[in-house]
Amino acid sequence: DQQVKQNSPSLSVQEGRISILNCDYTNSMFDYFLWYKKYPAEGPTFLISISSIKDKNEDGRFTVFLNKSAKHLSLHIVPSQPGDSAVYFCAASRSTGGFKTIFGAGTRLFVKA
Amino acid sequence: DGGITQSPKYLFRKEGQNVTLSCEQNLNHDAMYWYRQDPGQGLRLIYYSQIVNDFQKGDIAEGYSVSREKKESFPLTVTSAQKNPTAFYLCASSIVGQGSYEQYFGPGTRLTVT
Numbered sequence: 019d020q021q022v023k024q025n026s027p028s029l030s031v032q033e034g035r036i037s038i039l040n041c042d043y044t045n046s047m048f049d050y051f052l053w054y055k056k057y058p059a060e061g062p063t064f065l066i067s068i069s070s071i072k073d074k075n076e077d078g079r080f081t082v083f084l085n086k087s088a089k090h091l092s093l094h095i096v097p098s099q100p101g102d103s104a105v106y107f108c109a110a111s112r113s114t115g116g117f118k119t120i121f122g123a124g125t126r127l128f129v130k131a
Numbered sequence: 510d511g512g513i514t515q516s517p518k519y520l521f522r523k524e525g526q527n528v529t530l531s532c533e534q535n536l537n538h539d540a541m542y543w544y545r546q547d548p549g550q551g552l553r554l555i556y557y558s559q560i561v562n563d564f565q566k567g568d569i570a571e572g573y574s575v576s577r578e579k580k581e582s583f584p585l586t587v588t589s590a591q592k593n594p595t596a597f598y599l600c601a602s603s604i605v606g607q608g609s610y611e612q613y614f615g616p617g618t619r620l621t622v623t
């Protein structure tokens, strides 16, 4: 049972345009959501997070939107750069009740120059 | 220069042999984690530890064992009981407190068992 789903295995975007990566979750108990970026043969690195008390969090070119009623979050990258090409993992956790974080399967982003 | 180190980066073993993957952190984090990544799948939690001398099973602990004798170290042993041990293994750490916190990952170890 996948509690965190990233339904698009890959996404291709032109440099300078917006990249939108989507993520859906099923467990309404999740209240903290994170995005990680991963290059090949490396560990993931934390990118941005959002608490369920917010619906938007922005950090430079990266913005995460949370729609609790739809159990959906998205990561917007504007403008996209070739160095953004990587696999992006969505993750969800509960702030109480343990330390388990559930990861999605990832979306591979290609930014074309 | 704080971070998490995993060694070796690539590891090859024969079927039936136990193998131990190293994970060390100097971030002074209390919590440490082991994940496994397979192609087309997300990271799946094997074991985690919130404090020295204590650890809990994750979602796929069968065939694995861990120890946490020091705060800085959380080695993972892949035993011969693990049916499909070939995978990319990631170690992570985080602070512990009220709420949720991001995890810091090591570079990973790719284990191939033949």
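Chains A and B supply the protein sequences, listed in that same order.
Numbering of the first sequence is given in this note's numbering, commencing with residue 19 and proceeding in unit increments.
Numbering of the second sequence is given in this note's numbering, commencing with residue 510 and proceeding in unit increments.
Glycine included, each C-beta is placed from N, C-alpha and C at the ideal position.
Predicted model, so just to flag it, every value in this text is computed and none were measured.
Per DSSP, the unbroken beta strand (DSSP E) holding B:VAL587 starts and ends at 585-587. Distance from A:VAL129 to A:VAL31 at the Cβ level is roughly 5 Å; contact confirmed, criterion being Cβ atoms closer than 8 Å. Taking 8 Å as the cut-off, the beta carbon of A:PHE83 is found closer than this to the beta carbon of A:LEU91. DSSP places B:GLU581 outside any beta strand (DSSP E), giving it a letter other than H or E. Following the DSSP letters along the chain, one finds A:TYR50 inside the beta strand (DSSP E) bounded by residues 50-56. Taking the CA atoms as reference points, A:GLY61 sits about 14 Å from B:PRO548.
Excluding five sequence positions before and after B:SER531, the CB atoms of its chain that fall closer than 7 Å to its own CB belong to GLN515, SER516, PRO584, given in chain order.
Within chain A, the residues GLY61, PRO62 have their CB atoms less than 8 Å from the CB of B:LEU599, given in chain order. With respect to B:LEU599, B:GLN546 sits close: the two C-beta atoms are nearer than 8 Å. When Cβ-Cβ separations below 8 Å define contact, B:PRO616 makes contact with chain A. The C-beta separation of B:GLN591 from B:ALA601 comes to about 20 Å, leaving the pair out of contact by the 8 Å criterion. For B:GLU524, there are no C-beta contacts with chain A under 9 Å, since the nearest C-beta of that chain is about 24 Å from it.
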